[in-house]
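For reference, the structure is listed below as structure tokens.
In our numbering, the protein residues as written are 4 to 135.
The structure is reproduced here in structure tokens:
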């Protein structure tokens, strides 16, 4: 099965560290202000997903959502979440660690795109709500 989102080993290590500190997490990439084009990481109970949020999968056992307008831009690519030195948004829980999450991508192969076409669009936050 084709995955829409994965994470690098370094990102997974940071996710494990952050979930140990904050409990269950949630990733969201909005495309809006405040580093909206970067994935943001929140304590799961502190972020509510809605009808305009698209569920892409899990990284490190944590759900990853993207705003519908942003997904429309990225839907032809496999997202690879990485961690890099530097400060992103102060709203994301990794910021005090001196790092930030970053989205890298690659275009799907023809076979992957055909498989995604067969399974249809990913669920929205209404169809796949988050349990805290």
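Note that beta-carbon positions come from the ideal geometry of N, C-alpha and C, so glycine has one too.
Given residue i as reference, the closest of the options once Cα atoms are compared
{"i": "residue 67", "options": "25, 117, 21, 32", "result": "32"}
{"i": "residue 76", "options": "54, 108, 6", "result": "108"}
{"i": "residue 4", "options": "127, 131, 120", "result": "120"}
{"i": "residue 6", "options": "62, 71, 70, 127", "result": "62"}
{"i": "residue 16", "options": "64, 43, 60, 42", "result": "64"}
{"i": "residue 20", "options": "56, 99, 60, 71", "result": "99"}
{"i": "residue 143", "options": "23, 42, 55, 41", "result": "Residue 143 lies beyond the range of the chain shown here (4 to 135); nothing can be said about it."}
{"i": "residue 94", "options": "49, 71, 70, 60", "result": "49"}
{"i": "residue 42", "options": "23, 27, 69, 22", "result": "69"}
{"i": "residue 131", "options": "90, 60, 117", "result": "60"}
Beta-carbon contacts of residue i that lie in its chain and below 7 Å, excluding the five residues immediately before and after
{"i": "residue 133", "result": "29, 47, 52, 66"}
{"i": "residue 88", "result": "101, 102"}
{"i": "residue 110", "result": "79, 80"}
8 Å contact criterion, which residue i and residue j should meet: CB distance rounded
{"i": "residue 106", "j": "residue 84", "result": "6 Å"}
{"i": "residue 129", "j": "residue 45", "result": "Rounded, the Cβ-Cβ distance is 19 Å, inconsistent with contact."}
{"i": "residue 58", "j": "residue 9", "result": "Not confirmed; about 15 Å, so no contact."}
Residue i vs residue j beta-carbon contact at 8 Å
{"i": "residue 86", "j": "residue 104", "result": "yes"}
{"i": "residue 73", "j": "residue 34", "result": "yes"}
Where the beta strand (DSSP E) through residue i begins and ends
{"i": "residue 58", "result": "56 to 62"}
{"i": "residue 73", "result": "Here residue 73 belongs to no beta strand (DSSP E); instead the alpha helix (DSSP H) covers 71 to 77."}
{"i": "residue 16", "result": "Unbroken run through residue 16 is the alpha helix (DSSP H), 12 to 25; no beta strand (DSSP E)."}
{"i": "residue 45", "result": "43 to 46"}
{"i": "residue 108", "result": "102 to 110"}
{"i": "residue 30", "result": "28 to 32"}
{"i": "residue 99", "result": "Unbroken run through residue 99: none, as it is neither H nor E."}
{"i": "residue 88", "result": "80 to 88"}
Terminal residues of the alpha helix (DSSP H) in which residue i lies
{"i": "residue 115", "result": "113 to 122"}
Residues near residue i in its chain [Cβ-Cβ closer than 8 Å; skip 5 each side]
{"i": "residue 13", "result": "85, 86"}
{"i": "residue 115", "result": "5, 81"}
Other residues of its chain near residue i: CB distance less than 6 Å, five sequence neighbours each side excluded
{"i": "residue 25", "result": "46, 96"}
{"i": "residue 82", "result": "8, 106, 108"}
{"i": "residue 11", "result": "85"}
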